[in-house]
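Written below as structure tokens is the structure these notes are about.
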Amino acid sequence: MSEYSVRAEWERLSAVRVHTPGLELWSGSLAPEANLFEDHVPPEQARREHEQLVDTLESTHVDVHRLADDLAGDALDELTRETLEDGEVGRIDDVLASFSPREKLQIVLSRPRLAPETTADGGTDGASMTLDTPVSNVYFQRDTTIVGDRGPILCHMSKPVRRREEPIVKRAWESIGADLRYEMTGEPLEGGEFMPAGEFALLGVSAEVDGEERVIRTSYEAGERLMADGAVGYDEFGLVRAPLEADRRFRVDRGLGSRVMHLLGWFNIAAEGLAVLDADLAEAADVDVYRRDGDVYEHSHTTSTLEYVRDERGFDVIDVADGERWPTNFLAIDDGTVIPLYEPDEDGAYRPEDNPTIEALRERGVEILPDGVGIPRAALTNGAGGLHCMTTPIARE
Numbered sequence: 001m002s003e004y005s006v007r008a009e010w011e012r013l014s015a016v017r018v019h020t021p022g023l024e025l026w027s028g029s030l031a032p033e034a035n036l037f038e039d040h041v042p043p044e045q046a047r048r049e050h051e052q053l054v055d056t057l058e059s060t061h062v063d064v065h066r067l068a069d070d071l072a073g074d075a076l077d078e079l080t081r082e083t084l085e086d087g088e089v090g091r092i093d094d095v096l097a098s099f100s101p102r103e104k105l106q107i108v109l110s111r112p113r114l115a116p117e118t119t120a121d122g123g124t125d126g127a128s129m130t131l132d133t134p135v136s137n138v139y140f141q142r143d144t145t146i147v148g149d150r151g152p153i154l155c156h157m158s159k160p161v162r163r164r165e166e167p168i169v170k171r172a173w174e175s176i177g178a179d180l181r182y183e184m185t186g187e188p189l190e191g192g193e194f195m196p197a198g199e200f201a202l203l204g205v206s207a208e209v210d211g212e213e214r215v216i217r218t219s220y221e222a223g224e225r226l227m228a229d230g231a232v233g234y235d236e237f238g239l240v241r242a243p244l245e246a247d248r249r250f251r252v253d254r255g256l257g258s259r260v261m262h263l264l265g266w267f268n269i270a271a272e273g274l275a276v277l278d279a280d281l282a283e284a285a286d287v288d289v290y291r292r293d294g295d296v297y298e299h300s301h302t303t304s305t306l307e308y309v310r311d312e313r314g315f316d317v318i319d320v321a322d323g324e325r326w327p328t329n330f331l332a333i334d335d336g337t338v339i340p341l342y343e344p345d346e347d348g349a350y351r352p353e354d355n356p357t358i359e360a361l362r363e364r365g366v367e368i369l370p371d372g373v374g375i376p377r378a379a380l381t382n383g384a385g386g387l388h389c390m391t392t393p394i395a396r397e
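Numbering (UniProt numbering), first residue to last: 1 to 397.
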């Protein structure tokens, strides 16, 4: 097994990668739809909220890797130099010598381009700076990598606006000495679809509508390739069809936000044997279960995701409430210990009646961090993701 691997979501999180958003976020903040955001993300509020997540992780003795620090050195300097040359910025060596890793990464992600201004008599009058399609989504670290039982898998993002993240994340893995187990090409694959569970793992894939495949973020073929090419080695590997029609019927048509962009939007694991899910969607979502025989996966059977997890695998399940937006988007840091987002009241306080999933977790003995309630939902989720989406597990033990 690779040093950088994850067998089960409930194993102790020993190392994790994050990126606190910076200058690159402004494009997504001001043009949310063009950057796949749900709404405006106030940058300073988002930064403070993200630092609270980092502080909570560090308080549990998780080794927190910041993307800029993993890249620091030759890899980041090369990326920074390329970006500055493209942006016609001068004195590049001085920038490389004086800027911190975080400042260099903000250059790489923001893609600045300078245009010096001149006066009528040929003097200088400052310079205009434009940001050339910044990489605003990179604080959602989960999506670009799957870390499975055989090591890291570099994903291929579904949307072109996010594909510029892939080479940056690849360099980060290389910079810490990790060998990528697999690199997906040609087929969309995103890390928010993956859930490891010991002897088995689940991967969210395309919906099937009227007999036709409808790719949301990850294709069925991508899941087949992970199995065929030896990227994963779980005893069973389930390809979960996105319950698109059920999502529309149960949620969108009732004015509730969609949960099916990724599997994580409606399914997570809080402890060994305890799943948190949207039961309506889990019952509607078919899972094609493949069983490994030596080096080959063969289709075993098809059932509903709810029946597979609850009845075949024996998991207790918590059915989330309709009105909750991010109930499954928590991060497990140990078996039965999670960091969730709670829905604050108008004063920012925690109210049990507004957070039924957290209350159900507490009733089952799950430890909630920090302070027994989690982190208040605020600016960051306007980018269309929660806490789980903002982390890449480097290793679990």
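C-beta: ideal position from N, C-alpha, C; glycine also.
Endpoints, beta strand (DSSP E) assigned at residue i
| i | result |
| --- | --- |
| Pro393 | 392-396 |
| Asp74 | Asp74 -> not in any beta strand (DSSP E); alpha helix (DSSP H) instead, spanning 74-86. |
| Ile318 | 316-319 |
| Val287 | 286-293 |
| Val276 | 274-277 |
| Asp334 | 331-334 |
| Asp63 | 63-66 |
| Ala270 | 267-271 |
| His299 | 296-304 |
| Glu213 | 212-214 |
| Ser14 | 13-18 |
| Val240 | 236-241 |
| Glu193 | Taken as a continuous stretch (DSSP letters only), Glu193 belongs to no beta strand (DSSP E), as it is neither H nor E. |
| residue 411 | Residue 411 lies beyond the stretch modelled for the chain, which goes from 1 to 397, so this question has no answer here. |
| Phe37 | Premise fails: Phe37 is in no beta strand (DSSP E) and is neither H nor E. |
| Thr337 | 337-339 |
| Pro152 | 151-154 |
| Leu203 | 200-205 |
| Val147 | 145-148 |
Residue from the options whose Cα sits closest to the Cα of residue i
| i | options | result |
| --- | --- | --- |
| Leu84 | Arg111, Gly383, Val215, Ala384 | Arg111 |
| Leu79 | Lys170, Gly383, Ala279 | Lys170 |
| Gly294 | Ala228, Ala282, Asp311 | Ala228 |
| Thr328 | Thr392, Trp266, Arg47 | Trp266 |
| Gly385 | Met261, Pro196, Gly336 | Met261 |
| Val54 | Leu239, Met195, Arg66 | Arg66 |
| Leu341 | Val296, Ala379, Gln106 | Ala379 |
| Pro188 | Gly177, Leu203, Cys155 | Cys155 |
| Phe194 | Ile168, Leu263, Arg225 | Leu263 |
| Glu236 | Tyr308, Gly177, Asp179, Leu277 | Tyr308 |
| Ala321 | Gly198, Leu306, Val276 | Val276 |
| Met157 | Thr118, Gly198, Leu36 | Leu36 |
| Asp93 | Asp86, Arg17, Ala172, Arg81 | Arg81 |
| Cys389 | Arg396, Phe330, Ala360 | Phe330 |
| Val338 | Thr56, Gln45, Trp173 | Thr56 |
Whole-number beta carbon distance between residue j and residue i, since they are thought to touch under 8 Å
| i | j | result |
| --- | --- | --- |
| Val232 | Arg313 | The pair is not a contact, with the Cβ atoms about 17 Å apart (cut-off 8 Å). |
| Gly22 | Ser175 | Between Ser175 and Gly22 the Cβ distance is about 19 Å, and since that is not below 8 Å, they are no contact. |
| Val6 | Val161 | Between Val161 and Val6 the Cβ distance is about 27 Å, and since that is not below 8 Å, they are no contact. |
| Gly191 | Val205 | Wrong, their Cβ atoms sit about 13 Å apart, outside the cutoff. |
| Thr391 | Gln141 | 6 Å |
| Gly238 | Phe200 | 6 Å |
| Val317 | Ala284 | That pair is no contact at about 15 Å. |
Assigned exposure category for residue i - 16 Cβ within 10 Å defines buried
| i | result |
| --- | --- |
| Glu88 | exposed |
| Thr19 | Note that residue 19 is His in the sequence shown, not Thr. Classification for His19: buried. |
| residue 439 | A query on residue 439 cannot be resolved here, the shown segment of the chain reaching from 1 to 397 and no further. |
| Val62 | buried |
| Leu244 | buried |
| His301 | exposed |
| Arg91 | exposed |
| His299 | exposed |
| Gly126 | exposed |
| Ile383 | Looking at the sequence itself, residue 383 is Gly, so the reference to Ile does not match. It counts as buried. |
| Pro196 | buried |
| Glu9 | buried |
| Leu114 | exposed |
| Glu3 | exposed |
| Arg251 | buried |
| Lys104 | buried |
| Val296 | exposed |
| Gly372 | exposed |
| Asp210 | exposed |
For residue i, the first and last residue of its enclosing alpha helix (DSSP H)
| i | result |
| --- | --- |
| Val54 | 43-59 |
| Tyr220 | 220-228 |
| Phe250 | 244-250 |
| Arg102 | 101-110 |
| Ile358 | 356-363 |
| Asp94 | 92-98 |
| Leu30 | 25-30 |
| Ala172 | 165-175 |
(message) Quick check: the stretch 131-141 against the stretch 28-37, are at least 3 beta-carbon pairs closer than 8 Å?
(response) Yes: at least three Cβ pairs fall under 8 Å.
(message) Check whether the stretch 181-189 and the stretch 239-259 are in contact - that is, three or more C-beta pairs closer than 8 Å.
(response) Short answer: they don't touch.
(message) Count Cβ pairs between the stretch 235-243 and the stretch 207-218 that sit closer than 8 Å; are there 3 or more?
(response) With a cut-off of 8 Å, the stretch 207-218 and the stretch 235-243 count as touching, because enough Cβ pairs lie within range.
(message) Using a Cβ distance threshold of 8 Å, determine whether the stretch 269-277 contacts the stretch 364-372, with at least three qualifying pairs required.
(response) Counting C-beta pairs with one atom in each stretch, the stretch 269-277 and the stretch 364-372 have three or more that are closer than 8 Å, which means they touch.
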